[in-house]
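Asker: Below you'll find the structure I mean.
2 protein chains.
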Amino acid sequence: MVWSFLRQLLLLTALMATTTTAAAAAVPASKALGFFRTVGKLKTLKRTGWVNHDVFEPESVADHMYRMAMLGFLITDAAVDKDRLIKVCLVHDLAEAVVGDITPHDGVSKEEKRRLEETAMKEILGDLGNDAVADELMALWLDYEDGTGPEAAVAKQLDKYEMIVQADEYERTQGKTLDSFFKSTEGYFTHPEVASWARELLDSRAQRLAGSGAEPEAKKPKTG
Amino acid sequence: MVWSFLRQLLLLTALMATTTTAAAAAVPASKALGFFRTVGKLKTLKRTGWVNHDVFEPESVADHMYRMAMLGFLITDAAVDKDRLIKVCLVHDLAEAVVGDITPHDGVSKEEKRRLEETAMKEILGDLGNDAVADELMALWLDYEDGTGPEAAVAKQLDKYEMIVQADEYERTQGKTLDSFFKSTEGYFTHPEVASWARELLDSRAQRLAGSGAEPEAKKPKTG
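Protein chains in written order, with my numbering: chain A, -3 to 220; chain B, -3 to 220.
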């Protein structure tokens, strides 16, 4: 009888401890909603480079990070942790939800930009009320900024490559010439896979500019 | 002499085999570019639900999947493989790049939508020229569609939750009433974390509609 009671008490205590741990590990709902609303700013924040070049309905920062992450899926380099690469791509511009998309032409020094963005990240993540989640997001962002791991190195290449794929699309669909974006990335692509994609894109563009392009075509949406 | 020559020949053969394997594993550059251009369609494809409700400058399908993936970062449920969840979120609407965003109000049956989207996925991925990458993307998409794993179950909840967070934002910023989106998700949120986030959002909305809302506010971008 006593043993049975003690056993039940022990089980109950263990259960309560588990429940408390699980509850403590979750992000508080009001904090989560605040975070999601902050992330939502990236959907309406237009990439400054396109705005400055009068691109019509330019993509959002979220659009850019989305395709970057999808580029990550195609990296087969065994030295790269693909899941981590995809996460670095998703997080690398998160600070822009607070500070906006600062470009080299905005008169803000690289150091000041870094300081502003790090402060923004701390502000966004400090509000989460969950250290484990905040630490993961901060580590991914710092990895990209400080470029220590192989994933950060590839993510930086994908960031620039995604930009020139988009520049090429705006040239084709909006009859623009966006040379500066291609010039700014000359010699930048050193990862073998990204470098081969960049060569393909530059060849395709060169053929188009020479007025003779047969290029890889995207599938066309049928509706929407 | 002969042995030395044979050894070098063997080494060379081994090296060539390695190089061939590595080359075979990569996605051919022209295929990769075609894929990226297809993915790019998701940046300009507007979500049909918002278009049908005359939302001004509605988000893209890429915007939606981006925030869904970011919601995934906040799931702390130990039963869920978070990296896989994030990838399911990124891939689940990929077929829309070809078939567009078909909604329940478009007169297309669920079965026909599924058939169209599966065909589109096969078309997109069949063009990749890399079975390993194509298989991963297809498995993630099928997981979401057929909902067998815990990640698929949570991803479906995030899909609807992200939609109502966005509906609430359009209500607040565009003075709209988008009741139908909230009605269509009543009773849908069963995962404890997503359910708590949904309750918080619905409470916040109810307070706003009652004209008294103090709600979690997003950080404001300072530029851009």
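C-beta atoms are modelled at their ideal positions from N, C-alpha and C, and glycine is treated no differently.
Rounding to the nearest angstrom, what Cα-Cα distance links Leu154/A and Thr181/A in this structure?
Answerer: Cα to Cα, Leu154/A sits roughly 11 Å from Thr181/A.
Asker: So the alpha helix (DSSP H) Thr115/A belongs to, where does it begin and stop?
Answerer: Residues Lys106 to Gly122.
Asker: Looking at the C-beta of Thr144/A, does it have a partner C-beta in chain B at a distance below 8 Å?
Answerer: No, its Cβ sits nowhere closer than 8 Å to a Cβ of chain B.
Asker: Output needed in chain order: residues of the stretch 70 to 83 of chain A with a Cβ under 7 Å from some Cβ in chain B.
Answerer: From the stretch 70 to 83 of chain A, only Leu70, Thr72, Asp79, Ile82 and Lys83 have a Cβ closer than 7 Å to chain B.
Asker: Excluding the five sequence neighbours on either side, which residues of its own chain have a C-beta within less than 8 Å of the C-beta of Asp89/A, listed in chain order?
Answerer: Counting only Cβ-Cβ distances below 8 Å, and skipping sequence neighbours, we find Leu38, Val57, His60, Met61 and Asp97.
Asker: At least one CB of chain B closer than 8 Å to the CB of Phe177/A: is that the case?
Answerer: So no, Phe177/A is outside the interface.
Asker: Give the single residue among Ala25/B, Gly125/B and Ala93/B whose Cα lies nearest to the Cα of Arg63/A.
Answerer: Closest option to Arg63/A, Cα to Cα, is Ala93/B.
Asker: According to a CB-to-CB cut-off of less than 9 Å, which residues of the stretch 27 to 56 of chain B neighbour chain A?
Answerer: Cβ contacts with chain A: Lys27, Ala28, Leu29, Gly30, Phe31, Phe32, Arg33, Thr34, Val35, Gly36, Lys37, Leu38, Lys39, Thr40, Leu41, Lys42, Arg43, Thr44, Val47, Glu53, Glu55 and Ser56.
Asker: By the 7 Å beta-carbon criterion, what residues does the stretch 178 to 194 of chain A contribute toward chain B?
Answerer: So the close ones are Glu189, Ser192 and Trp193.
Asker: Where Val129/A and Glu189/B are concerned, what is the direct C-alpha to C-alpha distance, given to the nearest angstrom?
Answerer: Using only the alpha carbons, I get a separation of about 14 Å.
Asker: Below 8 Å on the Cβ atoms is my contact criterion, and I expect Gly30/A with Asp123/A to pass it. Report the Cβ-Cβ distance as a whole number of Å.
Answerer: At roughly 6 Å, the Cβ-Cβ gap stays under 8 Å, so Gly30/A and Asp123/A are in contact.
Asker: Under a three-way DSSP split, which group does Lys39/B fall into?
Answerer: In the structure shown, Lys39/B sits in a helix (DSSP, three-state: H, G or I).
Asker: Taking 8 Å as the cut-off, does the stretch 163 to 178 of chain A touch the stretch 192 to 209 of chain A (at least 3 CB pairs, one atom from each stretch)?
Answerer: These segments touch.
Asker: Per DSSP, what are the beta-bridge partners of Ser56/A in this structure?
Answerer: Lys42/A, per the DSSP bridge assignment.
Asker: Provide the residue span of the alpha helix (DSSP H) that contains Asp79/A, from first to last.
Answerer: Here the alpha helix (DSSP H) through Asp79/A covers Lys78 to Val87.
Asker: What's the call for Glu53/A, buried or exposed, on a 16-neighbour Cβ count within 10 Å?
Answerer: Classification for Glu53/A: exposed.
Asker: Could you tell me the alpha carbon to alpha carbon distance between Ala116/B and Leu205/A, rounded to whole angstroms?
Answerer: Each residue's alpha carbon lies about 31 Å from the other.
Asker: Mark Ile160/A as exposed unless 16 or more other C-beta atoms lie within 10 angstroms of its C-beta, in which case mark it buried.
Answerer: So Ile160/A ends up on the buried side.
Asker: Indicate whether at least one CB of chain B lies closer than 8 Å to the CB of Ala148/A.
Answerer: It does not: the Cβ of Ala148/A has no partner Cβ on chain B nearer than 8 Å.
Asker: What's the C-alpha gap between Ala74/B and Pro146/B?
Answerer: For Ala74/B and Pro146/B, the distance between alpha carbons rounds to 10 Å.
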